[in-house]
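Student: Just so we're aligned, residue 1 is where the sequence shown starts under UniProt numbering, counting upward by one. Right, I'll just put the structure down here and ask away after.
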Amino acid sequence: MGRPFLEHMGGRKFYMCCRCKTYLSNKKEIVSHTFRGSTGQAYLFRTVVNITTSKAEARFMLTGQHIVRDVFCKNCNHKLGWMYEFAHEPQQSYKEGFLILVIVRFIGPLFL
1 MGRPFLEHMG GRKFYMCCRC KTYLSNKKEI VSHTFRGSTG QAYLFRTVVN
51 ITTSKAEARF MLTGQHIVRD VFCKNCNHKL GWMYEFAHEP QQSYKEGFLI
101 LVIVRFIGPL FL
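Now the structure itself:
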């Protein structure tokens, strides 16, 4: 299988996969710190790199029904969170295209 191509967005404060330490995003990409996943606090990110996604599926969450994809580390396949594809509630549509990373599944912010 070969080595995966890994990206780096730069920045002095960044986040990595807790399992393999692969770069995921930087602090400038955080939209909100106030989200929760099934295992605790989560952050909403605008952009995350070095990920793969599952097939889209409908899920009922605390804020209503959404179409989401699970998000995995491209390097080690560790589940990191999910991506919002579509929100059925108009007031939740700001999340579309953004990603949730659950805090216990990533490390950071780390400083350069």
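A virtual CB, placed ideally from N, CA and C, is assigned to each residue, including glycine.
Thinking C-beta only, is Val-71 closer than 8 Å to Arg-59?
Tutor: Within the sequence shown, numbered from 1, the residue matching residue 59 stands at position 59. Within the sequence shown, numbered from 1, the residue matching residue 71 stands at position 71. No, the Cβ-Cβ distance between Arg-59 and Val-71 is not below 8 Å.
Student: Can you check whether the CB of Arg-105 is closer than 8 Å to the CB of Lys-79?
Tutor: Along the sequence shown, one-based indexing puts residue 79 at 79. Along the sequence shown, one-based indexing puts residue 105 at 105. Yes, the pair counts as a contact, with Cβ atoms nearer than the cut-off.
Student: So, do the segment 4-23 and the segment 82-98 have three or more beta carbon pairs nearer to each other than 8 Å?
Tutor: Judged by Cβ distances under 8 Å, the segment 4-23 makes no contact with the segment 82-98, as fewer than three pairs qualify.
Student: Report the option in Cys-18, Leu-24, Gly-108 and Ala-42 whose CA atom is closest to the CA atom of Asn-50.
Tutor: Walking along the sequence shown from the start, residue 50 turns up at place 50. Taking only the C-alpha atoms, the option nearest Asn-50 is Leu-24.
Student: Taking the alpha-carbon of Phe-35 as reference, which of Lys-27, Lys-28, Pro-109 and Leu-99 has the nearest alpha-carbon?
Tutor: Taking the first residue of the sequence shown as position 1, residue 35 is located at position 35. The residue with the shortest Cα to Cα distance from Phe-35 is Leu-99.
Student: Is it buried or exposed for His-88, if we count other Cβ within 10 angstroms and need 16 for buried?
Tutor: For the purposes of this step, residue 88 is taken as the residue at position 88 of the sequence shown. By the neighbour-count rule (16 or more Cβ atoms within 10 Å), His-88 is not buried but exposed.
Student: Could you work out which residue in Ser-38, Trp-82 and Phe-86 is closest to Phe-45 when comparing CA atoms only?
Tutor: Locating residue 45 in the sequence shown gives position 45, counting from the first residue. Out of Ser-38, Trp-82 and Phe-86, Trp-82 has the C-alpha closest to the C-alpha of Phe-45.
Student: Determine the DSSP secondary structure at Pro-109, reduced to helix, strand or coil.
Tutor: Residue numbering aside, residue 109 sits at position 109 when the sequence shown is read from its first letter. If DSSP states are grouped into helix, strand and coil, Pro-109 belongs with the strands.
Student: Cα-Cα, which of His-66, Lys-28 and Ser-54 is closest to Pro-109?
Tutor: Against the sequence shown, residue 109 aligns to sequence position 109. With distances taken between Cα atoms, Pro-109 lies closest to Lys-28.
Student: Can you tell me whether Asn-77 is buried or exposed, with buried defined as 16 or more other CB within 10 angstroms of its CB?
Tutor: Residue mapping note: residue 77 aligns to position 77 of the sequence shown, counting from 1. Counting Cβ neighbours within 10 Å, Asn-77 comes out exposed, since fewer than 16 surround it.
Student: Please report the Cβ distance between Ile-107 and Gly-40, rounded to the nearest whole angstrom; I am assuming they are in contact, meaning their Cβ atoms lie under 8 Å.
Tutor: Against the sequence shown, residue 107 aligns to sequence position 107. Against the sequence shown, residue 40 aligns to sequence position 40. About 15 Å; that fails the 8 Å criterion.
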